[in-house]
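Participant: Dropping the structure in here first, questions after.
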Amino acid sequence: MIVIALKILIPFAVILQILPFLIWLERKGAAYIQDRRGPNRASIGGVRLWGIIHSLADVVKLINKEDIIPTHANRLIYTLAPAIAMAVACVTFAVIPWGAPLDINGSVFTLQAADLNVGILYIFSISSLGVYGIMLAGWGSNNKYSLLGGLRASAQLISYELTLGLSVVGVLIFAGSLELGSIVQNQGPMVWHWNALRQPVACLLFIVAAFAETNRLPFDLPEAEAELVAGYHVEYSSLKFALFFMAEYANMIIASALMATLFFGGWQIPFVSTELLRRHASQVLYYGGLGFGFFSLVAGWLLIRHKPKIIYRDARDRERLVLGMPAILAGMVILLLTATQGPWQLGPNGAQIVTAVLQVLNFLGKVLFFCWVFIWVRWTLPRFRYDQLMNLGWKVFLPVAILNVIVTAAIYLFW
Amino acid sequence: MTAIEVIFYILAAVAVISAAGVVSARNPIYSALFLVVTLFALAVLFVLLKAEFLAIIQILTYAGAILVLFVFIIMLLNLKPDELIERGYGNAMKFLIGIASFSLFLILGYVFHFAKWQAPAINPGFGDAASVGKEIFTRYVVPFELAGVLLTVALVGAVVLAKRKLD
Chain R
0 MIVIALKILI PFAVILQILP FLIWLERKGA AYIQDRRGPN RASIGGVRLW
50 GIIHSLADVV KLINKEDIIP THANRLIYTL APAIAMAVAC VTFAVIPWGA
100 PLDINGSVFT LQAADLNVGI LYIFSISSLG VYGIMLAGWG SNNKYSLLGG
150 LRASAQLISY ELTLGLSVVG VLIFAGSLEL GSIVQNQGPM VWHWNALRQP
200 VACLLFIVAA FAETNRLPFD LPEAEAELVA GYHVEYSSLK FALFFMAEYA
250 NMIIASALMA TLFFGGWQIP FVSTELLRRH ASQVLYYGGL GFGFFSLVAG
300 WLLIRHKPKI IYRDARDRER LVLGMPAILA GMVILLLTAT QGPWQLGPNG
350 AQIVTAVLQV LNFLGKVLFF CWVFIWVRWT LPRFRYDQLM NLGWKVFLPV
400 AILNVIVTAA IYLFW
Chain D
0 MTAIEVIFYI LAAVAVISAA GVVSARNPIY SALFLVVTLF ALAVLFVLLK
50 AEFLAIIQIL TYAGAILVLF VFIIMLLNLK PDELIERGYG NAMKFLIGIA
100 SFSLFLILGY VFHFAKWQAP AINPGFGDAA SVGKEIFTRY VVPFELAGVL
150 LTVALVGAVV LAKRKLD
């Protein structure tokens, strides 16, 4: 019981903590791509931390804004829509595998909240329910532009759901099962078995359809600021808008996690299989600890070694110390601990836990990398016009996806 | 009262109340949303019957695509509740309809209560995607293909009806 509660709460908490980091990454990434500096003013006690505090300021601002419900808006539907959007975004995390199954003292723990045997279909069906959030938001705001934005957004979403589903069928043919855990384990640790290389067309189709599904540029006409005045969430303020905002980023994280799971090996560390890791877990921990301590030390020293230029005469001059000193201290502590305690004797349980931690970190790294790709593409490509978007979805992607399924099935059958 | 029975009663109550809401809501959008809740409850009841694939497909297609279409149409038609003209029945007619529905309910209740139910033994792969797929493509392949043809006909018909006349 406790294990299930933990398995539900921990991914949810992790995702909620990644969200402010993603918002910061988006704003800083956008800024550096556009050759400017981005948010770097919000500070706590003079320490700016390169703009991460802006996310905290955003949260405080969004909570304290006035909560407006437009006149003649349908109150129930107006309030329900962001709740549906956020709930759908959060519930999808239940089936994503974070690591290999652990076998502790005879009982098997899967690192998934729910190992459904229709795993991937669960994600697609819950994403189809997310269309309701957008449609009801557009309609319930009693605003022509919201309605137009909402209808456009839902039409775009249901068009690209088909491509999303069909591009995954090739992956399912190889894996032979719908469970996400089996799909990840079917792509072994060797990189040439990962589905991005076995199914390149499907990978590309999935990535583009994921962009369309999360309403991100280049497919973000439904919430285009220039054309539709922010589309379906124009009438929302304060916490309801915050829910939409968070739902968009949560959808982005889900899409990245799906890309990593289905096409890029999920939690598999490239070229290192789970058994290899478990056999050498104590050495991995020892040398990993030494390496990480050394790296932390060097990083801290690199941050600190510049002489503080006395430009501002307040806490901003010593900003590098805020990250540098803890890095050096942590590095020294870890080095001392690891070097003196020596290689630990990990039993089979300890080895599995170390392996699981490494695999979860690996998966998180992949997810964050794909989130960065989302942000990168957003600020690089121009927007599609709506008819070009629908043309692409129905006349180009759908036939290519169907063709991919046929060719994959033929190759799998006759080879 | 096992956990499954409790879950069943709660879900059945939710399904019946939402179904009543579908026919009695004033606002058409509320009817569609009540229908979504009903279908969701039915999908969970399918899971209780070990038909997991069917449950997920129900949510995916019925609640997630067909009802989206319904809500789309209702939003585009923009019916206000006052514009829906109610065709009234007289009091005598309402009484007769009430008697007929109640007797139907009694007959169904009698049949379901006194029938001898025999649950057949299920194989381990029951309700899986593989078993449903096997049945669809071997025993029921003709209805499957006919359903596909029907959907294509509907699609072509919709496009033809909605096309602008080029003249």
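These protein sequence lines map, in sequence, to chains R and D.
Read in order, the letters of the first sequence correspond to residues 0 to 414 in numbering that gives the first Met the number 0.
Read in order, the letters of the second sequence correspond to residues 0 to 166 in numbering that gives the first Met the number 0.
Every residue, glycine too, gets a C-beta built ideally from N, C-alpha and C.
#1: Identify whether Asp114 (chain R) lies in helix, strand or coil by the three-state DSSP scheme.
#2: Using beta carbons (cut-off 8 Å, strictly below), is Val67 (chain D) in contact with chain R?
#3: Below 8 Å CB to CB, which residues in the same chain sit around Val271 (chain R) once its five sequence neighbours on both sides are set aside?
#4: CA-CA distance, Leu275 (chain R) and Ile374 (chain R)?
#5: Does the structure place the stretch 28 to 38 of chain R close enough to the stretch 1 to 18 of chain R that three or more beta carbon pairs sit under 8 Å?
#6: Whole-angstrom Cβ separation of Gly129 (chain R) and Val87 (chain R), contact assumed at under 8 Å?
#7: Hey, is Glu4 (chain D)'s beta-carbon within less than 8 Å of any beta-carbon in chain R?
#8: According to DSSP, simplified to helix, strand and coil, what is Phe218 (chain R)?
#9: Assuming Val107 (chain R) is part of the alpha helix (DSSP H), what are its boundary residues?
#10: Can you list, in chain order, the residues of its chain with a C-beta nearer than 7 Å to that of Phe52 (chain D)? Leave out the 5 residues immediately preceding and following it.
#11: Going by Cα to Cα distance, which pick from R:Ala56, R:Ile252, R:Phe294 is closest to Met331 (chain R)?
#12: If you follow the beta strand (DSSP E) that Leu101 (chain R) is in, where does it begin and where does it stop?
#13: Can you give the Cα-Cα distance for Leu302 (chain R) and Ile327 (chain R), rounded to whole angstroms?
#14: Assuming contact is defined by CB atoms lying nearer than 8 Å, are Leu10 (chain D) and Val43 (chain D) in contact in what I supplied?
#15: Please list, in chain order, all residues of the same chain as Ile67 (chain R) whose beta carbon is under 7 Å from its beta carbon, the five residues on each side excluded.
#16: Residues of chain D with a CB under 9 Å from the CB of Ser140 (chain R): which are they?
#17: At least one CB of chain R closer than 8 Å to the CB of Ile58 (chain D): is that the case?
#18: Say whether chain D places a C-beta atom closer than 8 Å to the C-beta of Val117 (chain R).
#19: Assess, as a yes-or-no matter, whether the stretch 11 to 27 of chain D is touched by the stretch 43 to 63 of chain R under the definition of 3 or more beta carbon pairs within less than 8 Å.
#20: With a threshold of 7 Å on Cβ separation, who are the neighbours of Ile43 (chain R) within its own chain once the five nearest residues in sequence on each side are excluded?
#21: By a C-beta neighbour count over all protein chains shown, 10 Å radius and 16 as the cutoff for buried, is Asn348 (chain R) buried or exposed?
#22: Can you say whether Tyr139 (chain D) is buried or exposed, counting buried as having 16 or more other CB atoms within 10 angstroms of its CB?
#23: Of all Cβ atoms in chain R, is any one closer than 8 Å to the Cβ of Ala128 (chain D)?
#24: Under 8 Å between C-beta atoms, does Met134 (chain R) make it to chain A?
#25: Contact check, Tyr248 (chain R) vs Ala136 (chain R) under 8 Å by CB: the rounded distance?
#26: Counting only C-beta atoms, is Gly20 (chain D) closer than 8 Å to chain R at any point?
#27: May I ask which residues mark the beginning and end of the alpha helix (DSSP H) holding Met251 (chain R)?
#28: Kindly indicate which three-state DSSP category Ile410 (chain R) falls into: helix, strand or coil?
#29: Would you kindly check if the distance between the Cβ of Ala408 (chain R) and the Cβ of Ile172 (chain R) is under 8 Å?
#30: Compare the C-beta of Phe92 (chain R) with all C-beta atoms of chain D and state if any pair is closer than 8 Å.
#31: Is Gly265 (chain R) near Phe362 (chain R), with beta carbons less than 8 Å apart?
#32: In angstroms, rounded to a whole number, what distance separates the CA positions of Arg47 (chain R) and Trp191 (chain R)?
#33: Short of 6 Å in beta carbon distance, which residues of its chain neighbour Met134 (chain R), apart from the five on each side in sequence? Order them along the chain.
#34: Just curious, the alpha helix (DSSP H) that Leu145 (chain D) is in, first and last residue?
#35: By how many angstroms is the C-alpha of Ala99 (chain R) removed from the C-alpha of Val17 (chain D)?
#36: Residues in the stretch 133 to 150 of chain D with C-beta within 7 Å of chain R's C-beta atoms, listed in sequence order?
Facilitator: Checking against the coordinates, here is how it stands:
#1: Secondary structure of Asp114 (chain R) (DSSP, three-state): coil.
#2: yes
#3: Pro188
#4: About 35 Å.
#5: Because the criterion of three Cβ pairs below 8 Å is not met, the stretch 1 to 18 of chain R and the stretch 28 to 38 of chain R do not touch.
#6: 4 Å
#7: no
#8: coil
#9: Note, Val107 (chain R): premise wrong, no alpha helix (DSSP H); beta strand (DSSP E) at 106 to 108.
#10: Gly126, Asp127, Ala128, Val131
#11: Ranking the options by Cα distance to Met331 (chain R), first place goes to R:Phe294.
#12: 101 to 103
#13: 10 Å
#14: Closer than 8 Å, so yes.
#15: If we look at Ile67 (chain R) and ignore the five residues flanking it on each side, its Cβ neighbours are Ser236.
#16: Correct list: empty, because the minimum Cβ distance to chain D is about 12 Å.
#17: Yes, Ile58 (chain D) lies at the interface with chain R (some Cβ there is under 8 Å from its Cβ).
#18: Answer yes: the Cβ-Cβ gap between Val117 (chain R) and chain D drops below 8 Å somewhere.
#19: These segments do not touch.
#20: Ile52
#21: exposed
#22: Classification of Tyr139 (chain D): exposed, given that the 10 Å Cβ count is below 16.
#23: yes
#24: No chain A appears in the structure shown, which is made up of the protein chains R and D.
#25: Not a contact, Cβ separation roughly 17 Å.
#26: no
#27: 237 to 262
#28: For Ile410 (chain R), the secondary structure class from DSSP, reduced to helix, strand or coil, is helix.
#29: yes
#30: No, no contact with chain D.
#31: Cβ atoms of Gly265 (chain R) and Phe362 (chain R): closer than 8 Å.
#32: Answer to the nearest angstrom: the Cα atoms are 43 Å apart.
#33: Gly149, Ser153
#34: The continuous alpha helix (DSSP H) containing Leu145 (chain D) extends over residues 140 to 161.
#35: It is Ser, not Val, that sits at residue 17 (chain D) in the sequence shown. Their backbone Cα atoms lie some 41 Å apart in a straight line.
#36: none
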